[in-house]
Amino acid sequence: MKLSKYYMPTLREVPADAEIPSHQLMLRAGMIRSLSAGIYSYLPLGYRVIRKVEQIVREEMDRSGALEVLMPAMQVADIWKESGRWEEFGPLMVRFKDRNEREYCLGPTHEEVIADIVRDEVRSYKDLPFNLYQIQTKVRDEIRPRFGLMRAKEFIMKDAYTLDCDEDGLDKAYQNMYDAYVRVFERCGLDTRVVEADSGAMGGSGSHEFMVLADSGEDDLAFCSECDYAANVERAEAALEISSVSPAADNPADSSLAANVSAEASTVADGPAEVSAGNSDYSPAEATTSEAEIEKVHTPDATTIEDLVDMIEVSPGKMIKTMAYIADDQPVVALVRGDDQLNEVKFRNYLGAIELRPAHPDEFSEKFGSVAGFIGPVDLPENIRIVADRRIQELDKAVTGANEKDYHLVNVNPHRDIAKIEAFTELRTVQAGDPCPRCGGSLEIKSGIEVGHIFKLGTKYSSNMGATYLDENGKAQPIVMGSYGIGITRVAAAAVEQHHDDRGIVWPLPLAPFQIIILPLGNSDEVDWAAEELYKELQEAGLEVLLDDRDERAGVKFNDAELIGIPLRITIGSRSLENDEFEVQIRRTGKDFNIDRSSACSKIEKLLEEIE
Ligand code: ATP
Ligand code: MG
Numbered sequence: 000m001k002l003s004k005y006y007m008p009t010l011r012e013v014p015a016d017a018e019i020p021s022h023q024l025m026l027r028a029g030m031i032r033s034l035s036a037g038i039y040s041y042l043p044l045g046y047r048v049i050r051k052v053e054q055i056v057r058e059e060m061d062r063s064g065a066l067e068v069l070m071p072a073m074q075v076a077d078i079w080k081e082s083g084r085w086e087e088f089g090p091l092m093v094r095f096k097d098r099n100e101r102e103y104c105l106g107p108t109h110e111e112v113i114a115d116i117v118r119d120e121v122r123s124y125k126d127l128p129f130n131l132y133q134i135q136t137k138v139r140d141e142i143r144p145r146f147g148l149m150r151a152k153e154f155i156m157k158d159a160y161t162l163d164c165d166e167d168g169l170d171k172a173y174q175n176m177y178d179a180y181v182r183v184f185e186r187c188g189l190d191t192r193v194v195e196a197d198s199g200a201m202g203g204s205g206s207h208e209f210m211v212l213a214d215s216g217e218d219d220l221a222f223c224s225e226c227d228y229a230a231n232v233e234r235a236e237a238a239l240e241i242s243s244v245s246p247a248a249d250n251p252a253d254s255s256l257a258a259n260v261s262a263e264a265s266t267v268a269d270g271p272a273e274v275s276a277g278n279s280d281y282s283p284a285e286a287t288t289s290e291a292e293i294e295k296v297h298t299p300d301a302t303t304i305e306d307l308v309d310m311i312e313v314s315p316g317k318m319i320k321t322m323a324y325i326a327d328d329q330p331v332v333a334l335v336r337g338d339d340q341l342n343e344v345k346f347r348n349y350l351g352a353i354e355l356r357p358a359h360p361d362e363f364s365e366k367f368g369s370v371a372g373f374i375g376p377v378d379l380p381e382n383i384r385i386v387a388d389r390r391i392q393e394l395d396k397a398v399t400g401a402n403e404k405d406y407h408l409v410n411v412n413p414h415r416d417i418a419k420i421e422a423f424t425e426l427r428t429v430q431a432g433d434p435c436p437r438c439g440g441s442l443e444i445k446s447g448i449e450v451g452h453i454f455k456l457g458t459k460y461s462s463n464m465g466a467t468y469l470d471e472n473g474k475a476q477p478i479v480m481g482s483y484g485i486g487i488t489r490v491a492a493a494a495v496e497q498h499h500d501d502r503g504i505v506w507p508l509p510l511a512p513f514q515i516i517i518l519p520l521g522n523s524d525e526v527d528w529a530a531e532e533l534y535k536e537l538q539e540a541g542l543e544v545l546l547d548d549r550d551e552r553a554g555v556k557f558n559d560a561e562l563i564g565i566p567l568r569i570t571i572g573s574r575s576l577e578n579d580e581f582e583v584q585i586r587r588t589g590k591d592f593n594i595d596r597s598s599a600c601s602k603i604e605k606l607l608e609e610i611e
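Heads up, the sequence shown is in this note's numbering, so the first residue is 0 and it goes up one at a time.
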C-alpha cells in the first residue's frame, strides 16, 4: 500500500479528551475517529488491526471446533421477556420500537437468540453438543463511555455459546474454550492473567476473566503473592483471621443478578451513607467492659470515620459503618467495619437486586427514619433489610450512628443490639495485604483490562425459554449452556496499552497493520526507483508493506512510522544506495543496521521471524 494514496490522518497534538495512551495513540495514528461519545469509525489502518485480531480469534475458535454464524444485531423484546432479562438488563440496553409499535433492542449479547435458534431444532441428546460463535457488533449504552475503544457504546465482540447435555459436558466445553482463549491472547502478543470472576447478569456457576495488566485498567484484581489464587476484586475474598466464624450465609440470588454489574457499579462512590462513634465525653476504656450497656453519646458534626477517630479514641476497626442503599426501590442497609469498604457487587448479588444505588441524603429521613451522617443499624424501621459483613460478627462494644443528628451509640454488640441482621455474609472489598483465602499468603491488588470473559451459564436461559432435548430415557431436559466473549476492539486497545513508548505504538507483529514500512528519503529518482522495486519484491513474497511515497520531509516520515508502530522500518537514501545497502530499524528495540540490497528480501523475511 502506498501512503500517497492512503487515508491516514495522523495528528501531532494529543487530543484533549483522550486520557489513556491507547485512546490518544489510536486517534493520533489516524486509526479511529469518533462519531460521538463511545461510537467509532475504524479507519483503514485501525481496521486492519481489528481484522488481525478477528482472524486470530476465528482461527482459534475454528480449531476448537466452534462453528461460525452471524446472528441479528436487532433483536425482538419477546425473547428477552421470556428469559427475564428485559427488565434485568436495565438502561445498558438500547431499546426502540418499529412502525408497528413492536419492541426491539440492539443486542448487547446473544444468549436469548441462541436459545431461540436451538429450541425448536435440537431434539435429542444425539444433536448435542456443539458450539456456535460469531464476530459481530454489540451495542451497550454504557454509563461512562470512555477510553476510546476500551469502553465504547458500540464495539465488536466475539461471542461463543456452547450447548451440552449435562454439567460434565459443560465442564469439558468450558475447558476447551479456556484453552482456546489462552492461545488467542498468546498469539496476539498480549500478556494476560486469568482471574476468577463474578458471573454478574449472566447468572450461572463459574466464570473466569482474561485480563491484561495495565495501570489504566478499570478492574481491580487480587493476586496471591504465594499461590496462584487470582480473582477480580468484585469477587475476591480474604481468609477470615478468626476461626470461630461460620461460613457466609447462602446466597439466595445466584441466578437473578443485576444487568450492569460491571465497572460502573464498582466505581460508584460509597455514597452518602455514613459512619458511627461516640463523643468527646466518651471514654474508650468503658467500651471494653464486657457487660457494657449501649449508650448514646454526643458527637457534634462527626459524620465521617475520620471525624470520629479524631473525636474519640476508637479505631475504625471498632466502628460499624452503615451503608444506606436503595435496591429496586426498597431501602436496604449494609454493615461493614469502619476500616473496610463495601463491595457493591457482592451486596447486589446477595440481595438479588436488579438496581442498587446509594440512598440520596433526602431519603435518609423519609425511607430510613434516620439522618445522613448518623445512620446506624440499631432500631431502624422494621421494613429495612440489614445485611452485615462477616467481620461484623466478631465485633463487640462497637460504635455506630444513633439515627439522630450529632449522636452515636457506643458499646454496641451486633448480636445483642441489632436484632434484625438477616445474614452475616461476605460484603467487604479485599485490600492489599489481606490473607489469601487459599493459602493465607498476602494478597496484592493490580489493575487490569478485561479482554475476555467465559461463563458457565447452566440452564437459566434454556429453562426460561424452553430449550430442551430428550435424554436417553426420552425425558425432556434443559440444554446446559456456556457463553464466552472476547472484546475484539478492546483487544486492539489493550495491545496498545501494553505496547507503546513515548514515540508511539509498538504493535506486536501479529497485530501490526503492516509488517514493514519503506521510507524513501530525499528527492532522487534512483531512491524512488529502488524503494518501488523493494516494495514490489516484498509484496510478491507475501509480506504486508507500506511505502511512504509522500512528498514529505524525512522527519515527518520518521515520526509517522514510529507513531503508527510498524515493526520493521526500511530507510532508503542516496548515501546508503551508493553502497548498495538499505538501513533497517526494528521498532521495538530501536536497533538499526544495514542490509545488502541484493539479498534484502530474504534478510527481511528472516528478521520478521525473529521479531516477536
Ligand atoms: P465490563 O465489565 O468491562 O463492562 P462486561 O463484563 O460487561 O465488561 P462481557 O459481557 O463479559 O462484558 O463482554 C465480553 C467482552 O466484551 C468483555 O470481556 C470485553 O472485552 C468486551 N466488552 C464489554 N463491554 C465493552 C465495551 N463497552 N467496549 C468495548 N468492549 C467491551
Ligand atoms: Mg465480563
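Heads up, the beta-carbon is just placed ideally off N, CA and C, and yes, glycines get one too. Values in this document were obtained by computation on a predicted structure and should not be read as measured data.
Do residue i and residue j have their C-beta atoms closer together than 8 Å?
| i | j | result |
| --- | --- | --- |
| Ile515 | Ile603 | yes |
| Gly481 | Ala172 | yes |
| Glu111 | Ile78 | yes |
| Ala352 | Leu341 | no |
| Asp227 | Pro299 | no |
| Arg549 | Ser3 | yes |
| Pro413 | Ala401 | no |
| Leu131 | Tyr468 | no |
| Val409 | Gly168 | no |
| Ala196 | Ser446 | no |
| Asp433 | Leu442 | yes |
| Val377 | Ile420 | no |
| Ile485 | Met176 | no |
| Leu567 | Leu606 | yes |
| Ala326 | Leu350 | yes |
| Val138 | Leu162 | no |
If I follow the unbroken beta strand (DSSP E) through residue i, where does it start and stop?
| i | result |
| --- | --- |
| Thr302 | That residue, Thr302, is in no beta strand (DSSP E); it is neither H nor E in DSSP. |
| Asp592 | The sequence shown places Phe at residue 592, rather than the Asp named in the question. Its beta strand (DSSP E) spans residues Asp591 to Asp595. |
| Pro330 | Gln329 to Arg336 |
| Val296 | Glu294 to His297 |
| Ser206 | Gly205 to Leu212 |
| Val615 | Lying outside 0 to 611, the shown extent of the chain, residue 615 is not represented and no answer is given. |
| Leu34 | Ile31 to Ser35 |
| Leu545 | Val544 to Leu546 |
| Pro519 | Ile515 to Pro519 |
| Glu582 | Glu580 to Ile585 |
| Leu567 | Leu567 to Ile571 |
| Tyr103 | Glu102 to Leu105 |
What are the start and end residues of the alpha helix (DSSP H) that includes residue i?
| i | result |
| --- | --- |
| Cys226 | No alpha helix (DSSP H) contains Cys226, which DSSP labels as neither H nor E. |
| Lys317 | Careful: Lys317 lies outside any alpha helix (DSSP H) and carries neither H nor E. |
| Ile563 | Ala553 to Ile563 |
| Arg57 | Pro43 to Arg62 |
| Val13 | It is not in any alpha helix (DSSP H) - Val13 carries neither H nor E in the DSSP assignment. |
| Val612 | Nothing can be reported for residue 612, as the shown portion of the chain is limited to 0 through 611. |
| Leu24 | Pro20 to Arg27 |
| Glu290 | Neither: Glu290 is in no alpha helix (DSSP H) and is coded neither H nor E. |
| Ala530 | Asp524 to Glu539 |
| Leu508 | Neither: Leu508 is in no alpha helix (DSSP H) and is coded neither H nor E. |
| Lys605 | Ala599 to Glu609 |
| Arg84 | Arg84 to Glu87 |
Return the Cβ separation of residue i and residue j in integer angstroms, given the expectation that the two are a contact with Cβ distance under 8 Å.
| i | j | result |
| --- | --- | --- |
| Asp140 | Met73 | That pair is no contact at about 15 Å. |
| Ser224 | Gly440 | 5 Å |
| Val56 | Val183 | 6 Å |
| Arg50 | Ser40 | Not really, about 15 Å apart at Cβ, beyond 8 Å. |
| Phe367 | Ile383 | 7 Å |
| Val68 | Gln133 | 5 Å |
| Glu561 | Arg502 | 4 Å |
| Gly29 | Met7 | 4 Å |
inquiry  = Give the list of continuous alpha helix (DSSP H) stretches no shorter than 4 residues that lie fully inside the segment 113-194.
reply    = 166-186
inquiry  = Runs of 3 residues minimum, wholly inside the segment 388-445: which ones carry the beta strand (DSSP E) assignment?
reply    = Listed in chain order, the beta strand (DSSP E) elements of length 3 or more contained wholly in the segment 388-445 are 397-400, 406-411 and 420-424.
inquiry  = Which complete beta strand (DSSP E) runs does the segment 442-483 hold, if anything under 3 residues is left out?
reply    = 442-457, 467-469 and 475-477
key: Secondary structure, alpha helix (DSSP H): runs of 4+ residues fully inside the segment 345-382   = 362-367
The segment 84-99 touching the segment 116-127, judged by at least three CB pairs closer than 8 Å = no
The segment 586-593 / the segment 526-538 touching (three or more Cβ pairs under 8 Å) = no
ask   = Would you call the segment 382-392 and the segment 291-305 touching, i.e. three or more CB-CB distances under 8 Å?
value = no
Three CB pairs or more closer than 8 Å across the segment 188-196 and the segment 146-166 = no
message = If contact is defined by three or more beta carbon pairs under 8 Å, each pair taking one atom from either stretch, is the segment 22-40 in contact with the segment 494-511?
response = Verdict: yes, contact present.
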